[in-house]
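In our numbering, the protein residues as written are 114 to 365. Where a beta carbon is used, it is the ideal one built from N, C-alpha and C, also for glycine. Nothing here was measured: the structure is a model prediction, and the numbers come from that model.
Printed below as a string of structure tokens:
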């Protein structure tokens, strides 16, 4: 289903971005169109169902799997600016389809999962690009979120893209492999532990000397950013896609 203008890509915005961080999916569209993709936003898309799945409500999560298949069938690729949500689709949807006992749904999920990509995976692996033309003249540090590394397995792709941005200075983040403490429902069930973990992460971000902290998941960025804000640190949170979307002439 590729077009003359490049691959036909469906944007999977994810719930948190659609509701709270709309500039992130907009930035994804900006970058992908700059690279020659035809990007569409299927209006039927909903949640990936991860919150239900992670808390054991498999039956409640199955409708989200069906909705995902219905919304995104027919596209060359599905791209999400979230390692957590892309990881959920790839690793939880097959299990949920089998749990539903629906052979047809299992087939549909098996067909669509290989076409589902986290944003940086798609840019680096499918488009074959590490320099997207970004310009961001600031000191930054990067937090590799747990699900992006351990579930989606994005590896160093985000750093490849960041280091190719003109004007940027990427500073090392101490204990970057440690969780920020958000963990979705973990932060609700274990708030004291969550805040303690987040405080460690925020301290390391501040100690890095960065002006901005960058991640590929706004859920984690919200947690870290909230702690940084309460400390009046001056360090600003920003999603990787929004950094890559910026050029010397502004966002275009």
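{"Check": "Are the CB atoms of residue 353 and residue 233 within a distance shorter than 8 Å?", "Outcome": "yes"}
{"Check": "Looking only at DSSP bridge pairs, what is residue 351 linked to?", "Outcome": "327"}
{"Check": "Identify, in the order they occur along the chain, each residue of the same chain with its Cβ nearer than 6 Å to the Cβ of residue 358, setting aside the five sequence neighbours on each side.", "Outcome": "140, 143, 144, 364"}
{"Check": "Could you give the uninterrupted runs of the beta strand (DSSP E) lying entirely in the stretch 204-252, keeping only those of 3 residues or more?", "Outcome": "229-231"}
{"Check": "Leaving out the 5 sequence neighbours to the left and right, which residues in its chain are closer than 8 Å to residue 298 when beta-carbon positions are compared?", "Outcome": "164, 167, 168"}
{"Check": "Which class does residue 286 belong to by DSSP, given the choice of helix, strand or coil?", "Outcome": "coil"}
{"Check": "If you follow the beta strand (DSSP E) that residue 157 is part of, which residue opens it and which one closes it?", "Outcome": "Where residue 157 is concerned, there is no enclosing beta strand (DSSP E), given that its DSSP letter is neither H nor E."}
{"Check": "For residue 124, does the three-state DSSP call read helix, strand or coil?", "Outcome": "strand"}
{"Check": "Going by other Cβ atoms of all chains shown within 10 Å of its Cβ, with 16 needed for buried, is residue 203 buried or exposed?", "Outcome": "buried"}
{"Check": "For the beta strand (DSSP E) holding residue 191, just list the boundary residues, first then last.", "Outcome": "190-193"}
{"Check": "Using 8 Å for Cβ pairs, my map puts residue 206 next to residue 181. What's the rounded Cβ distance?", "Outcome": "7 Å"}
{"Check": "Return helix, strand or coil for residue 360, following the three-state DSSP convention.", "Outcome": "strand"}
{"Check": "What is the rounded straight-line gap between the Cα of residue 245 and the Cα of residue 214?", "Outcome": "43 Å"}
{"Check": "Return the chain-ordered list of same chain residues with a C-beta closer than 6 Å to the C-beta of residue 236, the five sequence neighbours on each side being excluded.", "Outcome": "242"}
{"Check": "Determine the closest residue to residue 332 out of 318, 261, 123, with distance taken between C-alpha atoms.", "Outcome": "261"}
{"Check": "Nearest by alpha-carbon distance to residue 356: which of 137, 186, 222, 220 is it?", "Outcome": "137"}
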